[in-house]
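Numbering (our numbering), first residue to last: 81 to 179. Glycine included, each C-beta is placed from N, C-alpha and C at the ideal position. The structure under discussion appears below in the form of structure tokens.
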């Protein structure tokens with residue numbers, strides 16, 4: 081998991097985009113309808129999400145359809161769970177040593 085993933089997840093609008101794409105693949109226009117943001121701002125969010133490899137795009141004629149990159153989403157979730165498990169194990173060890 082890279083810093084780019086954490087950067088992408090740090091913004092509420094990008095998390096909303098990911099949530100929408102979790103429901104189904106969507107075009108930029110469909111996503112834009114859900115936001116009151118300038119096209120350039122949304123484009124920037126798409127760029128950050130693509131750089132983190134959290135979303136992928138597929139050209140269908142003149143339209144680009146965005147979807148979640150599930151392999152990266154799954155890797156990210158697994159990495160966060162491992163991180164939390166390590167922290168939990170360290171805390172448990174510390175408590176046992178203090179007893």
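Item                                                                                                            : Value
Ranges of the beta strand (DSSP E) found wholly within the stretch 125 to 152, counting only runs of at least 3 : 135 to 140, 143 to 148
Start-to-end residues for the alpha helix (DSSP H) that takes in residue 83                                     : 83 to 89
Rounded straight-line distance, which links the Cα of residue 139 to that of residue 90                         : 28 Å
Cutoff 7 Å; reference residue 84; Cβ partners in own chain excluding five residues on either side               : 131, 132
Whether residue 134 touches residue 152 by CB criterion (7 Å)                                                   : yes
C-beta atoms of residue 136 and residue 147 nearer than 7 Å                                                     : yes
Distance between beta carbons of residue 149 and residue 125, contact taken as under 8 Å                        : Their Cβ separation, rounded to whole angstroms, is 15 Å, which puts residue 125 and residue 149 out of contact at 8 Å.
Segment limits, alpha helix (DSSP H) that includes residue 94                                                   : 92 to 103
Residue 105 beta carbon less than 7 Å from that of residue 160                                                  : no
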